[in-house]
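Student:
2 protein chains.
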Amino acid sequence: MKRIADSTVRRLSAYLRFLEDFETRGLSTISSEELANRGGTTSAQVRKDLSFFGSFGKRGLGYSVPELAGRLREILGLGKEWRVVIVGAGKIGAALAQYRGFRHRGFNILAAYDNNPDKIGRKLEGIPVRDIEQLERDIQRDKPDIVVLTVPGDEAQDVVDRVVKAGVKAILNFAPAQLHAPVDVAIKTVNMAMELEGLSFALTNRE
Amino acid sequence: MKRIADSTVRRLSAYLRFLEDFETRGLSTISSEELANRGGTTSAQVRKDLSFFGSFGKRGLGYSVPELAGRLREILGLGKEWRVVIVGAGKIGAALAQYRGFRHRGFNILAAYDNNPDKIGRKLEGIPVRDIEQLERDIQRDKPDIVVLTVPGDEAQDVVDRVVKAGVKAILNFAPAQLHAPVDVAIKTVNMAMELEGLSFALTNRE
């Protein structure tokens, strides 16, 4: 398959949300114009995004809502359960552990890890907090698909090295750090300050 | 100025980080190739991104690190202090309130708002939690530039309507909701589940 840009994947996630909203409201078809309007993009972009994954919809009839939603769930890998662990049982870890949207999408948080003895053995929003010392051993046993990284910036690369060595292939990073990993490891970084910078840019460069 | 895509702005934020890392290490020039390598993009993309904002660097000599960093801070609107309030004093609100990267970038969190009497009057990571009833009055007085929205999804649009009516022009949204606002209001949504979907996509569509 052709290399798909991150921005395309984000739009596919957004389209799926609009389609699910349509499903909830009992609507059975949607045009690329409607999808585009909801997503703040153009119908040409919608058709191009979907064209990467085969042929959808009928000219003049639009897309079948349940069919396209099902296909997008497949494309996004949401048909299976993904096993997730959180490394770093601080405030962001807790916010993520309680986030209900994850389970709904098949992301099952198995455990959180920390090096703070006051946290180890306790629960973080119902999720067990384990000693980070046993991270590699647990990864061998539990085979998590995704590690969510919420440790301080200066500890992040070390954790990446450890989990990558233990076989993890996907990392969602909240630490303010540039991380390095082999090319076969997918890393996504959520940088809160960068999001705010997008707004300061918008406020500064107003028409 | 030409309309700049969100993805371009994100890359500018990333370039600034690499340049600051270079500054820390005492390096004075950088080539578009080096910037591109650090950002996982191409040197043509770097030159194109920067070309929106005028002429930088000298052919064969690369960019001056402090000059380009300074110019990017200007472009991103980081030369001034931005006044921020958080609406929703829950776990995500707390995680953001304690996030040190904000102040470093000139984002000054003035207050948090909540409707829970147990939270009102207390502090959230040192930031006062106020009654959401006084939100409009405080906005008139304190003139925040940016509202960070961390309320439940079904309360989000109501808060957006209120703060927009009170004059706020930029919103960073963490609520799992599609929000509507006038075109002159900038809204950025951070959707945790969508970030994980980017990873499930990557894991599903591996070469």
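Those sequence lines, one after another, are chains A and B.
Read left to right, the first sequence gives residues 17 to 223 (this note's numbering).
Read left to right, the second sequence gives residues 17 to 223 (this note's numbering).
For every residue, glycine included, the Cβ atom is placed at its ideal position computed from N, Cα and C.
Taking the DSSP output, what are the residues bridged to proline 144/A?
Tutor: The partner list for proline 144/A (beta bridge, DSSP) reads Lys139/A.
Student: If the cut is a Cβ gap below 7 Å, which residues of chain A does isoleucine 108/B touch?
Tutor: Chain A residues near isoleucine 108/B: Ala111.
Student: With H, G and I counted as helix, E and B as strand and the rest as coil, what does DSSP make of arginine 153/A?
Tutor: Three-state DSSP puts arginine 153/A in a helix.
Student: For the 8 Å Cβ check, are there 3 or more pairs between the segment 191-209 of chain A and the segment 166-177 of chain A?
Tutor: Short answer: they touch.
Student: Alpha carbons only, please: which of Glu50/B, Phe217/B, Lys204/B is nearest the one belonging to leucine 212/A?
Tutor: Of the candidates Glu50/B, Phe217/B, Lys204/B, the one whose C-alpha sits nearest the C-alpha of leucine 212/A is Lys204/B.
Student: When you compare the CB of phenylalanine 39/B with every CB in chain A, is at least one pair closer than 8 Å?
Tutor: Correcting the residue type first, residue 39/B is glutamate in the shown sequence and not phenylalanine. With 8 Å as the cut-off, glutamate 39/B does not count as an interface residue toward chain A.
Student: Taking the runs of the alpha helix (DSSP H) that are 4 residues or longer, which of them lie wholly in the segment 34-76 of chain A?
Tutor: Taking only runs of at least 4 residues, the alpha helix (DSSP H) segments lying wholly in the segment 34-76 of chain A are 48-55, 59-67.
Student: Could you tell me whether the segment 109-123 of chain A touches the segment 154-167 of chain A, where touching means 3 or more Cβ pairs closer than 8 Å?
Tutor: A contact exists between the segment 109-123 of chain A and the segment 154-167 of chain A.
Student: What are the uninterrupted segments assigned as alpha helix (DSSP H) that are 4 or more residues long and contained completely in the segment 155-209 of chain B, given in chain order?
Tutor: Here the runs fully enclosed are 169-181.
Student: Taking DSSP as the reference, what is the three-state secondary structure of leucine 32/B?
Tutor: Helix, per DSSP.
Student: Going by alpha carbons, who is nearest to isoleucine 155/A out of Glu90/A, Ala21/A, Val180/A?
Tutor: Selected option, being the one with the closest Cα: Val180/A.
Student: Whose CA, out of Val103/B, Ile187/B, Met210/B, Leu77/B, lies closest to the CA of asparagine 131/B?
Tutor: Of Val103/B, Ile187/B, Met210/B, Leu77/B, the residue nearest in Cα terms is Val103/B.
Student: In the DSSP assignment, the beta strand (DSSP E) including arginine 99/A goes from what residue to what residue?
Tutor: 98-103 is the span of the beta strand (DSSP E), which, as asked, contains arginine 99/A.
Student: Between valine 25/A and chain B, is the shortest Cβ-Cβ distance under 8 Å, so that the two count as touching?
Tutor: Yes, because at least one Cβ of chain B sits closer than 8 Å to the Cβ of valine 25/A.
Student: Who are the Cβ neighbours of valine 176/B in its own chain at under 6 Å, not counting the five residues just before and after it?
Tutor: Within the same chain, valine 176/B has close Cβ partners Leu195, Ala197.
Student: Only counting the same chain, and skipping five residues up and downstream in sequence, which positions put a Cβ closer than 8 Å to that of serine 47/B?
Tutor: Answer for serine 47/B: Ser59, Gly78, Tyr79, listed in chain order.
Student: Who are the Cβ neighbours of alanine 52/B in its own chain at under 6 Å, not counting the five residues just before and after it?
Tutor: Only Thr58, Ser59, Val62 meet the Cβ criterion.
Student: Does the beta-carbon of aspartate 65/A have 16 or more other beta-carbons within 10 angstroms, so that it is buried, or is it exposed?
Tutor: The residue in question, aspartate 65/A, is buried, as its Cβ has 16 or more Cβ neighbours within 10 Å.
Student: Excluding five sequence neighbours on each side, which residues of the same chain lie with their C-beta closer than 7 Å to the C-beta of phenylalanine 123/A?
Tutor: Same-chain partners within the cutoff: Trp98, Val100.
Student: If contact means a Cβ-Cβ distance below 7 Å, which residues of the segment 115-139 of chain A contact chain B?
Tutor: Going along the segment 115-139 of chain A in chain order, one finds Tyr115, Gly117, Phe118, Arg121, Phe123 with a Cβ nearer than 7 Å to chain B.
Student: Taking the Cβ atom as the reference point for each residue, do arginine 119/A and glutamate 152/A lie within a distance shorter than 8 Å?
Tutor: Result no, Cβ atoms of arginine 119/A and glutamate 152/A do not sit closer than 8 Å.
Student: Give the secondary structure of isoleucine 20/A by DSSP, where H, G and I count as helix, E and B as strand, and everything else as coil.
Tutor: Isoleucine 20/A: coil per DSSP, three-state reduction.
Student: Pick helix, strand or coil for leucine 126/B, following the three-state DSSP scheme.
Tutor: Looking at leucine 126/B - three-state DSSP - the assignment turns out to be strand.
Student: Which partner residues does tyrosine 79/A have in the DSSP bridge list?
Tutor: The partner list for tyrosine 79/A (beta bridge, DSSP) reads Ile46/A.
Student: Take valine 201/B as the anchor and find which of Glu90/B, Asn207/B, Phe69/B, Ile187/B has the nearest alpha-carbon.
Tutor: If we check each option's Cα against that of valine 201/B, Ile187/B comes out closest.
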